[in-house]
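Chains as they are written, first to last, in the working numbering: chain A, 104 to 337; chain B, 2 to 181. The structure under discussion appears below in the form of structure tokens.
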Amino acid sequence: MIYKVKTDKFEGPMELLLELIEKEKMDVTELSMARVAGEYLEYIKNNEAICLEHLSEFLSVASRLILIKSRSLLPTLKFSDEEEEEIKDLTLQLEEYKKFKEASEKLGKIVAAKKVSYSREGFGGVRSVFYPPENFNLFDLKKYFELILAEIPIIEELQEEIVAEVVTLEERINELEMKIRRKMETSFSDLVANASDKVEIIISFLAMLEMIKQRVVQVEQGELFSEIKLSMSS
Amino acid sequence: MDQDKLKSIVESILFVSGEPVKISRLAKVSGAARPEVENALMALQNDYARNRGMVIIKKEDEVQMATSPENAETISELVKSEIQENLSRSALETLSIVAYRGPMTRADIEAIRGVNCSFTLRSLLMRGLLERIDNPENSRGYLYKISFEFLKKMGVDSVEKLPDWESLSKDARIENIISE
Numbered sequence: 104m105i106y107k108v109k110t111d112k113f114e115g116p117m118e119l120l121l122e123l124i125e126k127e128k129m130d131v132t133e134l135s136m137a138r139v140a141g142e143y144l145e146y147i148k149n150n151e152a153i154c155l156e157h158l159s160e161f162l163s164v165a166s167r168l169i170l171i172k173s174r175s176l177l178p179t180l181k182f183s184d185e186e187e188e189e190i191k192d193l194t195l196q197l198e199e200y201k202k203f204k205e206a207s208e209k210l211g212k213i214v215a216a217k218k219v220s221y222s223r224e225g226f227g228g229v230r231s232v233f234y235p236p237e238n239f240n241l242f243d244l245k246k247y248f249e250l251i252l253a254e255i256p257i258i259e260e261l262q263e264e265i266v267a268e269v270v271t272l273e274e275r276i277n278e279l280e281m282k283i284r285r286k287m288e289t290s291f292s293d294l295v296a297n298a299s300d301k302v303e304i305i306i307s308f309l310a311m312l313e314m315i316k317q318r319v320v321q322v323e324q325g326e327l328f329s330e331i332k333l334s335m336s337s
Numbered sequence: 002m003d004q005d006k007l008k009s010i011v012e013s014i015l016f017v018s019g020e021p022v023k024i025s026r027l028a029k030v031s032g033a034a035r036p037e038v039e040n041a042l043m044a045l046q047n048d049y050a051r052n053r054g055m056v057i058i059k060k061e062d063e064v065q066m067a068t069s070p071e072n073a074e075t076i077s078e079l080v081k082s083e084i085q086e087n088l089s090r091s092a093l094e095t096l097s098i099v100a101y102r103g104p105m106t107r108a109d110i111e112a113i114r115g116v117n118c119s120f121t122l123r124s125l126l127m128r129g130l131l132e133r134i135d136n137p138e139n140s141r142g143y144l145y146k147i148s149f150e151f152l153k154k155m156g157v158d159s160v161e162k163l164p165d166w167e168s169l170s171k172d173a174r175i176e177n178i179i180s181e
């Protein structure tokens, strides 16, 4: 059977796995996972769109699918307790994912329908009555204010410096984003070509990591220590 | 428009408004003709006349939803109990913050205390310990300040006369939080 997975980028391995199983109109079971294992591996192999930060998640699921597949082919195969546990976890995880995916679709419809209930502020029309606390004087007021002040941590000089660094990181992120937007594609060495010191290169690297985490950019690195290519996330 | 649907719309508008609403405004908002709105209001009043907790009060050209006079005693008990409980720790904290730092926005009070203060503020307003004034910088927001009555009760006539007001009101720790 020739079956082509739709080419949309899947957010995560669970989404891909569930879609493969549902296309076959099967329930979430070990058997159905064994049947789609091949297509799952095929997808990872052919899909370069899987970004780096997701790849490990896809691979971790792939390894468990291979276990499941091998057991379906060789029923006599004995697994360790740990492996059994991993297979069971994957089934449970997928079942949970399916529940929440379905729930999120329903929630999405509810939100899209924009049927909102409005409440109103409590005791709207009630006129206020002057009712001061008893045995309470100016110095109580001062005492409570000082208690509040005491709870606010004193910011030490050292922390101020850290704050300053964070701002630089943010600035660097914005700067990098501008550069990449202009060029669409660039490399890390290009970005730090004009760096004046090591710290600036390190900050640029941290900025790049942060942007990967925020899914602003995608990176590619052919092999260890080779050039890192950056492009805007689609 | 369907009479029942119009009645339900008018009921929702009156509920969420809380304050008196002009009949002409009801007609405009609901898109129905004025006589239709008046009919819907009458139908609503009839519904409410049957042992319900709400009434529709009509005065000249304005209508308002309010609690049934039959329940006046219970409602005033509820309000009283809300007011007469001792002030909680969070209420006292909020009071002192507003006394030394007010007039200020709810957002700033919450930034200092780190928790939502809407219930506390409401109860302090109801007890007449705080006042709410319009925020000149934001037409939809309010500023909270200590009530003159409460200051008087404590024996001063302005916040500047609170103990150590000069230093406490300008404490850098609070400046740091609010400016963030």
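In this text, a Cβ means the ideal position worked out from N, Cα and C, and glycines have one as well.
The beta carbon of E313/A sits closer than 8 Å to those of L272, I276, all from its chain and outside the five residues before and after it, given in chain order. G225, F226, G227, G228, V229, S231, V232, F233, Y234, P235, P236, N240, L241, F242, L244, K245, Y247, F248: these are the residues of the stretch 224 to 248 of chain A whose beta carbon lies less than 7 Å from some beta carbon of chain B, given in chain order. Around G156/B, the beta-carbon contacts reaching into chain A at under 9 Å are N240, L241. For L131/B, the uninterrupted beta strand (DSSP E) run begins and ends at 131 to 136, by DSSP.
Of all C-beta pairs linking the stretch 70 to 85 of chain B to the stretch 23 to 39 of chain B, fewer than three are shorter than 8 Å, placing the two stretches out of contact.
DSSP places Q4/B in the helix class (H, G or I) of the three-state scheme. For K217/A, the three-state secondary structure derived from DSSP is coil. Inter-segment contact for the stretch 224 to 231 of chain A and the stretch 199 to 208 of chain A is absent: fewer than three beta-carbon pairs are separated by less than 8 Å. A straight line joining the alpha-carbon of S307/A with that of E142/A spans about 39 Å. Each residue's CA atom was taken as its position, placing L250/A and M136/A some 60 Å apart. Counting C-beta pairs with one atom in each stretch, the stretch 9 to 29 of chain B and the stretch 63 to 73 of chain B have three or more that are closer than 8 Å, which means they touch. A Cβ-Cβ distance of about 6 Å is found for the pair L130/B and L96/B, placing them in contact under the 8 Å criterion. In this structure, L333/A places its C-beta atom within 9 Å of the C-beta atom of V322/A. Apart from sequence neighbours up to five positions away, the residues of its chain that approach A44/B with a beta-carbon distance below 6 Å are K8, ordered along the chain. Within chain B, the C-beta atoms nearer than 8 Å to that of L252/A come from L169, D172, R174, I175, in chain order. Between S25/B and V214/A, the alpha-carbon positions lie close to 32 Å from each other. Nearest in C-alpha terms to I175/B, of all of A112/B, R107/B, I58/B, is A112/B.
Among the bridge pairs identified by DSSP, L121/A is matched with none.
Against chain A, the beta carbon of I113/B has neighbours under 9 Å at I251, I255, listed in chain order. Where A28/B is concerned, the enclosing alpha helix (DSSP H) starts and stops at 24 to 31.
Below 8 Å, enough C-beta pairs join the stretch 159 to 167 of chain B and the stretch 100 to 115 of chain B to call them touching: three or more.
Under the three-state reduction of DSSP output, M105/B falls in the strand class. Here M105/B is buried: its Cβ has 16 or more other Cβ atoms, across all protein chains shown, within 10 Å.
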